[in-house]
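A short worksheet on the structure shown next.
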Amino acid sequence: AYMQGILSANHRSGVFMNLYQETEQLMREKLHMPADYKLLFTSSATENWEIISQSVVEKASFHIYSGSFGKKWLEYAKHIIPATEALKIEANQSIDVPNLAIGEAFDLIAVTQNETANASQVPMSVLKELAEKYPEKMIAVDTTSSMGGIELDFSLADIWYASVQKCFGLPAGLGILIVSPKAIEKAKRKGEKGRYNSLNFILENAAGYQTHYTPNV
1382 AYMQGILSAN
1392 HRSGVFMNLY
1402 QETEQLMREK
1412 LHMPADYKLL
1422 FTSSATENWE
1432 IISQSVVEKA
1442 SFHIYSGSFG
1452 KKWLEYAKHI
1462 IPATEALKIE
1472 ANQSIDVPNL
1482 AIGEAFDLIA
1492 VTQNETANAS
1502 QVPMSVLKEL
1512 AEKYPEKMIA
1522 VDTTSSMGGI
1532 ELDFSLADIW
1542 YASVQKCFGL
1552 PAGLGILIVS
1562 PKAIEKAKRK
1572 GEKGRYNSLN
1582 FILENAAGYQ
1592 THYTPNV
């Protein structure tokens, strides 16, 4: 990386743009990211909490979690949208999708797929159940400590995020945000552009394989 000049590559340079494009293609080949989903880069998984609430959620989000990291996402979302609510389950408890009731007041379901605090996981089969029961709602999935470590079916949700210092085994300081065409359309409809990390602004940069901030190249 040093000999190729990657470590000092300007994030507006051709070197970086080619690196971004290649990385996105490799995500499709190696992790089976759908062809029409977009790979975005942020500073951390925590920043993704903010982006989702400010740029995608139109009413409120409903969070399903079992540990402290899922709780932190919930609390962060509540700071931005006070109407945010949640279902707290035990670490060894499965999500009872058939008996789950999420009303029209919520347009996004937030799921912590791999709870870093207690190692509990939400299997892909449960995400599929949620998607089938609530096709009108968007699903956002926290895979901070599982993306790159287990096989994920990205088609089951519209928003996925992670950090690279976990299963990717890379230096900290880079977040991954994967969004579907449906999520992009929702962000455009909401039209939130008032912040440097507004999703619409990030997408404008990503269209040219650039980032909205100086990343950990």
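Numbering (this note's numbering), first residue to last: 1382 to 1598.
Note that CB positions come from ideal geometry on N, CA and C, so glycine has one too.
Note that the coordinates shown come from a computational prediction; the quantities given were computed from them, not determined experimentally.
Asked: Own chain residues within Cβ distance below 8 Å of Ser1527, not counting five before or after; Found: Gln1494, Asn1495, Gln1502, Leu1533, Ala1543, Lys1547, Cys1548
Asked: Nearest to Ala1464 (by Cα), restricted to the options Ala1472, Asn1473, Leu1481, Ser1434; Found: Ser1434
Asked: Cβ-based burial, Asp1477 [other Cβ within 10 Å; buried from 16]; Found: exposed
Asked: Pairwise C-alpha distance: Ala1416 and Asp1403; Found: Note that residue 1403 corresponds to Glu in the displayed sequence, not to Asp. So the alpha carbons of these two residues sit roughly 13 Å apart.
Asked: Per-residue DSSP class, three states only, for Lys1452; Found: helix
Asked: Residue interval of the beta strand (DSSP E) (run including Tyr1542); Found: 1540-1544
Asked: Complete runs of the alpha helix (DSSP H) confined to the stretch 1514-1572 [at least 4 residues]; Found: 1562-1571
Asked: Nearest-angstrom Cα separation, counted from Leu1555 out to Ser1425; Found: 5 Å
Asked: Contact set for His1444: own chain, Cβ-Cβ below 6 Å, skip 5 residues either direction; Found: Leu1455, Ala1467, Ala1491
Asked: Three-pair Cβ contact test at 8 Å for the stretch 1408-1423 versus the stretch 1561-1577; Found: yes
Asked: Start and end residues, beta strand (DSSP E) containing Ser1442; Found: 1442-1446
Asked: Simplified DSSP assignment, three categories, for Thr1595; Found: coil
Asked: Of the residues Val1507, Leu1407, Ser1442, Thr1595, the one placed nearest Ser1475, counting alpha carbons only; Found: Val1507
Asked: Whole-angstrom distance between Gly1448 and Thr1525, CA atom to CA atom; Found: 13 Å
Asked: Own chain residues within Cβ distance below 7 Å of His1392, not counting five before or after; Found: Gln1591, Thr1592, Thr1595, Pro1596, Val1598
Asked: C-alpha distance - Ala1500 paired with Tyr1446, whole-angstrom precision; Found: 12 Å
Asked: Neighbourhood of Val1560 by C-beta distance below 6 Å, restricted to the same chain and skipping five residues each side; Found: Lys1419, Ile1540
Asked: Distance between Gln1385 and Glu1439 (C-alpha atoms, nearest Å); Found: 44 Å
Asked: Bridge partners - Val1614, DSSP secondary structure assignment; Found: Here the chain covers residues 1382 to 1598 and nothing more, so residue 1614 does not appear.
Asked: Inter-residue Cα distance where the pair is Met1408 and Lys1453; Found: 28 Å
Asked: Buried or exposed by the 16-neighbour rule on C-beta atoms within 10 Å, applied to Glu1585; Found: exposed
Asked: Secondary structure of Leu1481, DSSP reduced to three states; Found: coil
Asked: Environment of Ser1389 [buried if 16+ CB atoms lie within 10 Å]; Found: exposed
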